[in-house]
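Participant: My structure is below; once you've seen it, I'll send some questions.
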Amino acid sequence: MRLLTHNMLSSNIKGVTNGFPLRIEVEKAMEKPVDFKGDFIRNLFPKIDWTALVEASRSLGYAELPENADAAASMLESEEFLQKVHHALLEIHLEEGALVCPETGRKFPVSKGIPNMLLHEDEV
Numbered sequence: 009m010r011l012l013t014h015n016m017l018s019s020n021i022k023g024v025t026n027g028f029p030l031r032i033e034v035e036k037a038m039e040k041p042v043d044f045k046g047d048f049i050r051n052l053f054p055k056i057d058w059t060a061l062v063e064a065s066r067s068l069g070y071a072e073l074p075e076n077a078d079a080a081a082s083m084l085e086s087e088e089f090l091q092k093v094h095h096a097l098l099e100i101h102l103e104e105g106a107l108v109c110p111e112t113g114r115k116f117p118v119s120k121g122i123p124n125m126l127l128h129e130d131e132v
């Protein structure tokens with residue numbers, strides 16, 4: 009699962025008001041190269057929750073992104089910065105582990121890079 013996917017997921021358990029961002033528990037992570045497209049990253053940037061991306065990338069061992077979203081936005085013309093964001097969003101993958109709801113602590117397993125976000129009957 010790419011961090012781009014993680015940035016778009018939230019817990020939809022009945023009664024949860026704050027299901028984003030899901031915390032990541034890593035068992036296995038890997039990197040998979042993807043062709044770099046700077047314009048894609050620039051256009052995607054406004055849709056990304058920066059704080060969630062920084063937290064997620066650090067949980068997977070990547071600490072090259074600035075903490076502050078405003079600082080990040082000011083660097084969108086830097087190819088070096090765009091490559092770091094590209095790497096975090098598209099090339100770092102969570103292969104095995106879990107996504108944890110911040111409110112309930114419910115763990116959603118990730119197996120072979122696929123998050124299982126199915127709810128139990130009592131959670132719907």
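Numbering of the sequence shown is given in the working numbering, commencing with residue 9 and proceeding in unit increments. The beta carbon of each residue, even a glycine, is placed where N, CA and C say it ideally should be.
Is residue 49 helix, strand or coil by DSSP?
Facilitator: helix
Participant: In this structure, how does DSSP classify residue 132 when only helix, strand and coil are distinguished?
Facilitator: Note: residue 132 maps to coil in three-state DSSP.
Participant: Only counting the same chain, and skipping five residues up and downstream in sequence, which positions put a Cβ closer than 7 Å to that of residue 118?
Facilitator: 9, 102, 104, 105, 106 and 107
Participant: Beta strand (DSSP E) containing residue 106: first to last residue?
Facilitator: 100-108
Participant: What are the boundary residues of the beta strand (DSSP E) that residue 116 is part of?
Facilitator: Element bounds for residue 116: 115-119.
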